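Same order as they appear, the protein sequences are chains A and G.
Taking my numbering, the leading residue of the first sequence gets 1192, the next gets one more, and so forth.
Taking my numbering, the leading residue of the second sequence gets 1192, the next gets one more, and so forth.
Glycine included, every Cβ here is placed at the ideal spot set by N, Cα and C.
Given the structure is predicted, the values throughout are model-derived calculations rather than measurements.
Below you'll find the structure, written out as C-alpha cells, and then a few comments.
Number of protein chains: 2
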Amino acid sequence: MVNIKDIAKLAGVSVTTVSRVLNNYPYISDEKKAAVLKAVQMTDYQQNMNAVSLRTGHTSLIGVVLPFSHHPYFGLLLNGIANEAIKHNHKLLLFQTNYEVEKEIEALRMLKEKRIDALIFCSRTCDWPIIQEYFPYGKIVLCEKIRDGSVSSTFVDHYKTFMGALDYLYDKGHRKIGYCIGRRSGTNSLDREAAYKDFITKHNLPFHSDYIYDHCLTFEDSIKVINKVKESNNPPSALLVTSDQTAAGIVTCCQKETISIPEDLALIGFDNQPIAKMMNITTFDIPYKEIGKKVFLQAIKDEISQEEITATFIERNTV
Amino acid sequence: MVNIKDIAKLAGVSVTTVSRVLNNYPYISDEKKAAVLKAVQMTDYQQNMNAVSLRTGHTSLIGVVLPFSHHPYFGLLLNGIANEAIKHNHKLLLFQTNYEVEKEIEALRMLKEKRIDALIFCSRTCDWPIIQEYFPYGKIVLCEKIRDGSVSSTFVDHYKTFMGALDYLYDKGHRKIGYCIGRRSGTNSLDREAAYKDFITKHNLPFHSDYIYDHCLTFEDSIKVINKVKESNNPPSALLVTSDQTAAGIVTCCQKETISIPEDLALIGFDNQPIAKMMNITTFDIPYKEIGKKVFLQAIKDEISQEEITATFIERNTV
DNA sequence: TTGTATGCGTTATCAG
DNA sequence: CTGATAACGCATACAA
Chain A
1192 MVNIKDIAKL AGVSVTTVSR VLNNYPYISD EKKAAVLKAV QMTDYQQNMN
1242 AVSLRTGHTS LIGVVLPFSH HPYFGLLLNG IANEAIKHNH KLLLFQTNYE
1292 VEKEIEALRM LKEKRIDALI FCSRTCDWPI IQEYFPYGKI VLCEKIRDGS
1342 VSSTFVDHYK TFMGALDYLY DKGHRKIGYC IGRRSGTNSL DREAAYKDFI
1392 TKHNLPFHSD YIYDHCLTFE DSIKVINKVK ESNNPPSALL VTSDQTAAGI
1442 VTCCQKETIS IPEDLALIGF DNQPIAKMMN ITTFDIPYKE IGKKVFLQAI
1492 KDEISQEEIT ATFIERNTV
Chain G
1192 MVNIKDIAKL AGVSVTTVSR VLNNYPYISD EKKAAVLKAV QMTDYQQNMN
1242 AVSLRTGHTS LIGVVLPFSH HPYFGLLLNG IANEAIKHNH KLLLFQTNYE
1292 VEKEIEALRM LKEKRIDALI FCSRTCDWPI IQEYFPYGKI VLCEKIRDGS
1342 VSSTFVDHYK TFMGALDYLY DKGHRKIGYC IGRRSGTNSL DREAAYKDFI
1392 TKHNLPFHSD YIYDHCLTFE DSIKVINKVK ESNNPPSALL VTSDQTAAGI
1442 VTCCQKETIS IPEDLALIGF DNQPIAKMMN ITTFDIPYKE IGKKVFLQAI
1492 KDEISQEEIT ATFIERNTV
C-alpha cells in the first residue's frame, strides 16, 4: 500500500509538503502542490486514518447509540444527526443496542479506545454511574433531562407533555385513562410515570396498575393492548400511546373488534409520524430532526449545554 | 492518558511483556502477568486502538451499509449480522445511506482508509464498477446474486421466488397481476421485473405499466397504491407486495374503502414480518437472520463464496 | 515556502 | 520466558 513517503518521493518533495497539501495548508507553491496532487492521483493514494488519528488524537467520528434501528422514532432522530454531521465533515458510527447494557458499554469503550471523538445516546439503559466513568474520554451527549449539568443534552420535557395530555383528556371528561409505553425503566418513561401518578393524585382518581401497558413500540404490539382492554371488566376510556406506530395498530385492531374510536376508546399518540396523519390520530408532534441537529452540535462543541424542545399538540380524530 | 509505557514502568516489566499480557500470549510468568494486570486495573488503562490498528493493519471492525435503519427488513438482517459479530469478537459500524451513492462511497472509503476490515452491503445503489474499485482494500460482501465470482454474497433468488408467486396467482385464476416494490433500479428489483416480464410473455398477458407501483416500503406507502387502484378503470385483481409493511397498509386501506380481500384484490407479501402474521397476510418467509449470519461469516473469511437462500411460501388468508 | 527530525502508542523481530 | 529496538504512517516543532 502506498504511503505518504512514496508520494513525497514521486512528487520530488518532502513528506511535510505532502502532508500540507493533503491538509490544505496555505503557503505552498503551486508547482509543488500540483506535483503532489498528481502523485496522489496516479497512485490512488489514501491516508491511513489510523495513523492520522494516532497522531492528531481525534477521528472526526461520532458514535450514535440507539436501541433499535427499526423504529421510526429513531429513524427521524438519526436523520437529523446525519444531516448535521455531513455539514461538519464528520462521520457517524451507529451502535444498535437493543437496550442491552453490554452493548452500550461497548460503545462507551470505543470512546476510551480513541476510536470515536464523542458519543450520542439517543436512549440508554445503563445506569448513570457507568456513563460518568467515561466522561474523561470524550464528549457524551444525551436525549434526556439531566439533573446535574455534567453533560450536554437535548430533551423533551416528558413530564410536562404527558401531564398536558392527561389534563386535556380530563377536560374532555375522561376519568379512566391508561397509557402505553415502550419500557418501564428509561428516564423518559420514569418522567411520564411520575406525571401519571401526580395526575391521578391531583384528581383523586384510583390507580389501576393494569392501565399501564408496556412493551409498546411497534404496530403489532397493539394486539396485546387491545386483548387486555377487551378482557378487562373496567377498561380505560382513553389511552395515551407513546408511539404512533402502536396507536395506529390500536386503531386497526379496534376496527376489527368493533370498538369505536373515540367513543369507546380515545387515543392520543406521540411522535406525529406519517402513519398518524394517515390514520387521523391525535398526537404530539416532536421535532426529532431538530433534536438530532442540536445533539450533534453539542457533540462537537466544547461547552456543555442543555436544550429543551417542546412537543406540539396536533388535534385530529381520535379523542 | 496512560499508555503502555506507563504500565510497563508501574509493573516493573518491559512494554513487550505488557503487550503480551494484553494479547494473551502463552509464555509469561504468573508473577509478571499479575503485576501487569494489577497496573492495568489501577490506572484504568485502555489500549489506544488507533495505534493497535496502525501497527497490526486491521481493526476488528466490520462496516454494514443499509439504506434505512427504520425498515424491519433491515432490522432483522442486522440482527443476524450482529449476533454473529459478537461471537467472533468483532464490532459493527453501521452506515445509513438512504440509497444515496455518495454515502455508499463514504463507507467504501473507510475500507481504503483502513478504518474497517470489511464491508457488508445489505443493499446498494452505486454501480458495480464503483464497488470494484475498492476490492483491493478489504473484503466486500453483498446480498445479491453476483454474476462473476469476484466477491462473496448471500442472496435470495428473487427471480425464482417472484415467478413462483406469479404462477401461484395464475393458477388461482388471476390474470391481472400487479406488484409493489421499493424502488425500480436495485439488482433485486431488476430480477423481479425480469420475472414479471417473462411471466406475462409466457402467458401472453398484456403489459400494464401502471400495474407496477414503486416507492412501496412503509405502511403508509399503501395509500398511494390503493388510490391508484381505485382510480383505475381496469385495476389489478392481485398484487405482489415486496414488503409486508406495505401489504399490511393495503389491508388497512381496503377495509376503509370496502375493497374486500381476497375477493376484490388478492395479496401476497414478502418477509413474513410479525405484522403479516397479525393481519393474516399470505407471504414469503425470508430467513433474514440466517442471511445476516452467513454474510458476516463471509466478511471475515478469506475465501470467496456464494450462498443461496430460499424463501418459503406461507399461505394465509389474502389470496 | 520548504525540509529534517521527532514522536503518537502499539506490536513484531530478534537476540538473549 | 523476557527485553531492546525497529517500524507502522502520519503531523508538527523547529530550523532554514
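Where the stretch 1429 to 1461 of chain A meets chain G: residues whose CB sits under 7 Å from a CB there: Thr1443 and Gln1446
Own chain residues within Cβ distance below 8 Å of Lys1480/G, not counting five before or after: Leu1267, Leu1268, Asn1270, Gly1271 and Asn1274
Assigned secondary structure, Gln1446/G (DSSP; H/G/I helix, E/B strand, else coil): helix
Amino acids of chain A, ordered along the chain, whose beta-carbon sits closer than 8 Å to that of Ile1414/G: Met1469
Cβ neighbours of Phe1353/G in the same chain (closer than 6 Å, five flanking residues each side left out): Arg1383 and Ala1386
Segment contact, 8 Å Cβ cut-off, at least three pairs: the stretch 1412 to 1422 of chain A with the stretch 1448 to 1465 of chain A: yes
Endpoints, the beta strand (DSSP E) within which Val1204/G is located: Neither: Val1204/G is in no beta strand (DSSP E) and is coded neither H nor E.
Partners in chain A for Gly1373/G, counting only beta-carbon separations shorter than 8 Å: Here the premise fails: no neighbours, minimum Cβ distance about 15 Å.
Exposure label - His1279/G; buried when at least 16 CB within 10 Å: exposed
Under 7 Å from the C-beta of Ser1244/A: neighbouring residues of chain G: Asn1241
Proximity to Asn1241/A [Cα-Cα], best of Asp1308/G, Asp1476/G and Thr1509/G: Asp1308/G
Cβ pair Thr1345/G, Val1255/G closer than 8 Å: no
Pairwise C-alpha distance: Asp1339/G and Glu1494/G: 15 Å
Nearest-angstrom Cα separation, counted from Ile1311/G out to Cys1317/A: 29 Å
Own chain partners of Ile1414/G with C-beta closer than 8 Å, once the 5 adjacent residues on each side are dropped: Gly1440 and Cys1444
Contact list for Phe1312/G against chain A, beta-carbon separation under 8 Å: Neighbours of Phe1312/G on chain A: none; closest Cβ ~16 Å, over 8 Å.
Chain A contact residues for Glu1297/G, given Cβ-Cβ distances below 8 Å: Lys1282
Touch test, the stretch 1216 to 1228 of chain A against the stretch 1451 to 1462 of chain A, Cβ-Cβ under 8 Å, three pairs minimum: no
Closer than 8 Å to chain G by CB, Ala1230/A: no
Exposure label - Ala1225/A; buried when at least 16 CB within 10 Å: exposed
Same chain only: Cβ atoms within 6 Å of Ala1502/A, ignoring 5 sequence neighbours per side: Val1347, Thr1352, Phe1475 and Ile1477
At least three beta-carbon pairs within less than 8 Å, the stretch 1423 to 1433 of chain G to the stretch 1388 to 1396 of chain G: no
Cβ of Leu1269/G within 8 Å of any chain A Cβ: yes
Whole-angstrom distance between Ile1198/A and Asp1230/A, CA atom to CA atom: Inspection of the sequence shows that residue 1230/A is occupied by Ala rather than by Asp. Each residue's alpha carbon lies about 6 Å from the other.
Buried or exposed by the 16-neighbour rule on C-beta atoms within 10 Å, applied to Met1469/G: buried
Chain-ordered neighbours of Phe1410/G on chain A, where CB pairs are closer than 9 Å: Phe1410, Gln1436, Ala1439, Pro1465, Ile1466 and Met1469
Whole beta strand (DSSP E) elements within the stretch 1251 to 1337 of chain G, 3-residue minimum: 1252 to 1257, 1282 to 1287, 1309 to 1312 and 1330 to 1333
Straight-line gap, Tyr1552/A to Lys1200/G (C-alpha atoms, nearest Å): Nothing in the structure corresponds to residue 1552/A, since chain A is present only between 1192 and 1510.
Beta-bridge pairing of Ser1210/A - partner residues as DSSP gives them: Note: Ser1210/A sits in no beta bridge, so no partner.
Ala1502/G (DSSP reduced to helix, strand or coil): coil
Amino acids of chain A, ordered along the chain, whose beta-carbon sits closer than 8 Å to that of Glu1499/G: The premise fails here: Glu1499/G is roughly 25 Å from chain A at the closest Cβ pair, so nothing lies under 8 Å.
Where the alpha helix (DSSP H) containing Thr1378/A begins and where it ends: Thr1378 to Lys1393
Check whether Gln1238/A and Glu1304/G have beta carbons under 8 Å apart: yes
Rounded Cβ spacing between Thr1433/G and Cys1371/G (contact assumed at less than 8 Å): 6 Å
Per-residue burial, Phe1326/G [other beta carbons within 10 Å of its own, 16 or more giving buried]: exposed
Nearest candidate by alpha-carbon position, reference Arg1300/G, set Arg1366/G, Ile1322/G and Leu1333/G: Ile1322/G
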